[in-house]
């Protein structure tokens with residue numbers, strides 16, 4: 018069951034994609050904030066804790082990879098999933114190397130997407146030595 022704090026931020030400059038993802042997340046009990054502009058998402062993440070952001074790769078005026086890097090600066094705890102409507106050599110590897118949990122090609126399978134959301138929001142083990 019989703020936690021009240023698990024509000025997922027979605028960034029895409031396509032209003033149809035945003036509303037489709039919102040409906041899918043709503044159907045599974047998640048709340049979401051939708052953003053059509055990268056700056057709005059980054060400002061939001063600088064003010065409020067963001068558990069997970071789903072970023073479109075190809076945006077007007079920027080890329081999801083650029084947003085991912087800036088998001089790491091303003092909200093380093095935020096987990097990221099990158100999505101794209103087209104495959105381009107090296108982009109998937111770059112997103113994953115920069116710390117994205119996954120890279121999805123649109124259109125993606127709803128069940129696979131929700132499985133990724135569940136995995137991304139699972140509590141993470143602390144990094145460092147285990148203390149007995």
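In this note's numbering, the protein residues as written are 18 to 149. Glycine included, each C-beta is placed from N, C-alpha and C at the ideal position.
Neighbourhood of residue i by C-beta distance below 8 Å, restricted to the same chain and skipping five residues each side
i           : result
residue 140 : none
residue 62  : 26, 70, 88, 91, 92 and 95
residue 59  : 84, 87, 88 and 91
For residue j and residue i, believed in contact at Cβ under 8 Å, the rounded distance
i          : j          : result
residue 92 : residue 67 : 5 Å
residue 23 : residue 47 : 6 Å
Outcome for residue i when other beta-carbon atoms lying within 10 angstroms are tallied against a minimum of 16
i           : result
residue 33  : exposed
residue 80  : buried
residue 49  : buried
residue 74  : buried
residue 126 : exposed
residue 110 : exposed
Cβ shell of residue i (< 7 Å), same chain only, five flanking positions each side left out
i           : result
residue 51  : 27, 35 and 39
residue 119 : 98 and 133
Beta-carbon contacts of residue i that lie in its chain and below 6 Å, excluding the five residues immediately before and after
i          : result
residue 90 : none
Cross-strand partners of residue i (DSSP beta bridge)
i          : result
residue 70 : 26 and 97
Would the segment 130-139 count as touching the segment 105-115 if we require 3 or more Cβ pairs under 8 Å?
no
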